[in-house]
Each structure stands twice: as structure tokens, then as C-alpha cells.
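What follows is a single structure, written as C-alpha cells, with notes after it.
In my numbering, the protein residues as written are 18 to 245.
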């Protein structure tokens, strides 16, 4: 039994937007994912850290979630910035039931137990150069609320946090999220979002008592990272 993490699958089986056009590691990435994910067994749990499907709605994401459903074991899913199909948990579970998809669970305002650990998380947020204004502030505050709700749900269990956006990378920190990690004594933090040339910005290892790890799929060579 193992716990794995991988983000940014960028599946495009229902939307014609293959990542191969970006070249480099992304060429043939679907075959690489199939091979990399083959290490996962029915006894395992996999955290999928957002940017899972390019589809704009659940109906068109059916083939992508069939791909995810075929990953053995339990899948815990959180939202990425490109997951436009994301709606409500109720609609997602109804979609799964209608299509016979099993063992997929949303991480949003909640947490899951894994052995002695609590799995917490949300999408996260940061202000990129092209983004500013009241909308960003509103979304950002909502993400902080969701993360704290997840951490509170964990009670006294040791906590690991999974985010789509990195809460820190070279030249940037999201202090409000880092403050929550400190407040709730989070020990490990995993994130995605950074691709290709941005990999050099990744901050990994222990910082202020938290062990950080980038698990974007192209960074991992399209192989899931074994957390435990």
C-alpha cells in the first residue's frame, strides 16, 4: 500500500489541446503517463494536484476521467487553474455515478485520513504579473478559507498539504498560505503548476519546518511521486 502524488496531467482526450505542441518532455506525454502510472496498484491512493483535463465542462471531460478512473486504487482530486470543468462536488459525484467511475474523491473544504496522516489541501493562489484587482483578492481569500477548513477538519493528526499553486518559489512567497502551514503545524507540502523552464524556480526541501516538493508531471518524468 502506497500514497502517490502527481499533478498537471493536462489530459486532452475530450478536448483537442495536446501538450505535445510545447515540445521537450511533453512530446508523447500520454504514452509516458500510461507507463509511469502503471506502478500504481489497487491498494494505493493517488493525489492528483489539479490541471487534470483541458475540457471546459464535465460532459466533454468524460474520456479524460475514464483515463483517470483506469488508474488503480483511490484517487483524490483537487482543482488547478486550468480545470474549467470543475463545478460542485455534488455534480462531480453524480457525473461519476452516471459513467461508472469509482474511487474518485474531491479535496475541497475537507480532508482525508491516510494511516497516521491527514491529507489536506486546495488549489491555492498567487498573483502573477498579468493578474490584479478585486477579483483576485476575492478568489485568494476564498482559497485561504478553503485551506483552513481543510486543516481544521484534520484535527490533531499530523498534516500534509497538497496545492496546485506553489506557496513559495524562487523570488516569491505567498505569506498568508505559509502562515496557515505554520499555524497548523503542517510537516509536508506538495505542489504543481511549474513547467519546463519554470522548474528552475522550484523550492524544495525543508523551509521553516515544512518539507516542500514539486510534483508536476513533466518535472517527475510523468511518474507519480511516492509520498509514503
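Virtual Cβ for every residue (Gly too), placed ideally from N, Cα, C. Here the structure is a predicted model, which means the values were calculated and not measured.
What is the C-beta distance between residue 65 and residue 123, in whole angstroms, given that I count them as a contact (C-beta under 8 angstroms)?
Here the question's residue 65 lines up with position 48 in the chain shown. Here the question's residue 123 lines up with position 106 in the chain shown. Rounded, the Cβ-Cβ distance is 11 angstroms, inconsistent with contact.
Could you please give me the residues that DSSP links to residue 207 through a beta bridge?
If you number the chain shown from 1, residue 207 lands on position 190. Answer by DSSP bridge pairing, in chain order: 179 and 230.
Got a sec? Which residues, its chain only, sit under 6 angstroms from residue 146 by beta carbon, not counting five neighbours each side?
Translated into the one-based positions of the chain shown, residue 146 becomes position 129. Because the pLDDT of residue 146 is 45, which lies under 50, any placement of that residue in the model is unreliable, and the number read from its coordinates should be weighed accordingly. Result list for residue 146: empty, nothing under 6 angstroms.
Please look up how many angstroms separate the CB atoms of residue 69 and residue 20, rounded, as I've assumed it's under 8 angstroms.
On the chain shown, position 52 is the one that residue 69 refers to. On the chain shown, position 3 is the one that residue 20 refers to. Not confirmed; about 18 angstroms, so no contact.
Nonlocal neighbours in the same chain, by C-beta distance under 8 angstroms from residue 238, ignoring five residues either side
In the chain shown, counting from the first residue as 1, residue 238 sits at position 221. These residues qualify, in order along the chain: 42, 49 and 53.
For residue 186, name the three-state secondary structure that DSSP assigns.
Locating residue 186 in the chain shown gives position 169, counting from the first residue. Strand, per DSSP.
Taking the alpha-carbon positions, what's the residue 167 to residue 174 distance?
Translated into the one-based positions of the chain shown, residue 167 becomes position 150. Translated into the one-based positions of the chain shown, residue 174 becomes position 157. Answer to the nearest angstrom: the Cα atoms are 12 angstroms apart.
Within a Cβ cutoff of 7 angstroms, which residues of the same chain sit near residue 201, ignoring the five residues on either side of it in sequence?
Within the chain shown, the letter at position 184 stands for residue 201. Excluding the 5 residues flanking it on each side, residue 201 has same chain C-beta neighbours closer than 7 angstroms at 168 and 176, in chain order.
Of the residues 72, 63, 76 and 222, which one's Cα is nearest the Cα of residue 95?
Here residue 95 refers to the residue found at position 78 when the chain shown is read from its first residue. Out of 72, 63, 76 and 222, 63 has the C-alpha closest to the C-alpha of residue 95.
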